[in-house]
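Residue numbers (the UniProt record's numbering): 1 to 39. Ideal placement from N, C-alpha and C gives every residue a C-beta, glycine not left out. Predicted model only: the values in this text are computed from it and were never measured.
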């Protein structure tokens, strides 16, 4: 799951793994996955 990897990466960048940030991380992961995905 690339989304989980991105989620963990964002968590590390923010310096916290609060589950409250999960929705934000997931939405960000989706945007990143769309941009990084080969088109």
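### Task
Give me the Cα-Cα distance between residue 24 and residue 6, rounded to the nearest whole angstrom.
12 Å
### Message
So residue 33 and residue 3 are supposed to be a Cβ contact under 8 Å. How far apart are they, rounded?
### Response
6 Å
#### Entry: Pairwise C-alpha distance: residue 29 and residue 9
10 Å
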